[in-house]
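Residue numbering for the sequence shown follows this note's numbering, beginning at 143 and increasing consecutively. Below is one structure, written out as structure tokens; the observations come after it.
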Amino acid sequence: MVAYDEINAADKKLEMIWKFDEGEGDVAKEANKTGNDGEFTGAGKDKIKWVEGITEKALEFSGKVGEGQWVEVPHSDDMDIRDAITMEAWVYPTTIDGEKRTIITKAAYYLQIEHTSQVATYFYEVIPPGYHLSNGRVNENEWSHVAVTYNGQEIKFYINGKEDSKVIKAKGKIKSQVSWGYTLVESGMDVVRGTFRALLMRLRFPIMPRPEMKS
143 MVAYDEINAA DKKLEMIWKF DEGEGDVAKE ANKTGNDGEF TGAGKDKIKW
193 VEGITEKALE FSGKVGEGQW VEVPHSDDMD IRDAITMEAW VYPTTIDGEK
243 RTIITKAAYY LQIEHTSQVA TYFYEVIPPG YHLSNGRVNE NEWSHVAVTY
293 NGQEIKFYIN GKEDSKVIKA KGKIKSQVSW GYTLVESGMD VVRGTFRALL
343 MRLRFPIMPR PEMKS
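Following this line, the structure appears as structure tokens:
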């Protein structure tokens, strides 16, 4: 699991975590009590399920066409991250076919899994532009920890705590998007897909030297 327990009070002001461990209701609380709580949203929001995760609860999204569903976090000034960021999550895809799976997005930056099973990211106004993909891939039907970091100089990927061989030299500030909140795990918007489970979404700024893992 990601090592969260030793974070001090000052560090908590620099990060947001959604553990997806409530086990009931339709709200995902932000664990550091910043007020950036997420709510189940979309035509298929009633189909989002609380299921067993790695040690506690997790959320399961159906992935069926016509059942668009996600966790929406309204915009706050905490989210207008422009200089450096770490995005990470635990995910469990049962099927990866035909379309990307959005894990975290705020319009100006993304963390996704592509139909090729590669981890993908995009930072608007960062040079070079476009989607960047990891060399490593995520497996179906097992929990994987995925992360991406940007520090104003490089974009790096991590899969299950290991730095990916793909490192992108990059520069520039991330585009400001004050009118958009966070979408966490967007599912079932356009094609039929398998279920997708997720837990422990985390954003940190400035970035961590590398995402922390525990077995």
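Heads up, the beta-carbon is just placed ideally off N, CA and C, and yes, glycines get one too.
With a contact defined as Cβ atoms closer than 8 angstroms, Asp225 and Gly177 miss out at about 22 angstroms. Apart from the 5 residues on each side of it in sequence, Arg344 sits with its Cβ closer than 6 angstroms to the Cβ of Ile159, Glu230 in its chain, given in chain order.
The beta carbons of Phe162 and Leu341 sit closer together than 8 angstroms. Taken through DSSP and simplified to helix, strand or coil, Lys187 comes out as helix.
Three or more beta-carbon pairs separated by less than 8 angstroms are not found between the segment 201–221 and the segment 260–267, which leaves the two stretches without contact. When secondary structure is reduced to three states using DSSP, Asp225 falls in the coil class, being assigned neither helix nor strand. When only Cα atoms are considered, Leu275 and Lys308 end up about 8 angstroms apart. Ranked by Cα distance from Tyr252, the options Thr325, Val215, Phe203 are led by Thr325. By alpha-carbon distance to Ser204, the top candidate from Phe299, Lys311, Gly186 is Gly186.
Secondary structure of Asp306 (DSSP, three-state): strand. By the Cβ-count criterion, Pro271 is exposed, with fewer than 16 other Cβ atoms from all chains shown falling within 10 Å of its own Cβ.
The C-beta distance from Val193 to Arg339 rounds to 6 angstroms, short enough to fall under 8 angstroms. For Trp232, DSSP records a beta bridge to His287, Leu341. Apart from sequence neighbours up to five positions away, the residues of its chain that approach Ile316 with a beta-carbon distance below 8 angstroms are Ile223, Arg224, Asp225, Ile227, Ala250, Tyr251, Phe265, Tyr266, Glu267, Val268, Tyr292, ordered along the chain. Counting only runs of 3+ residues, the beta strand (DSSP E) found wholly inside the segment 245–295 occupies 251–255, 260–265, 274–279, 286–292, in chain order.
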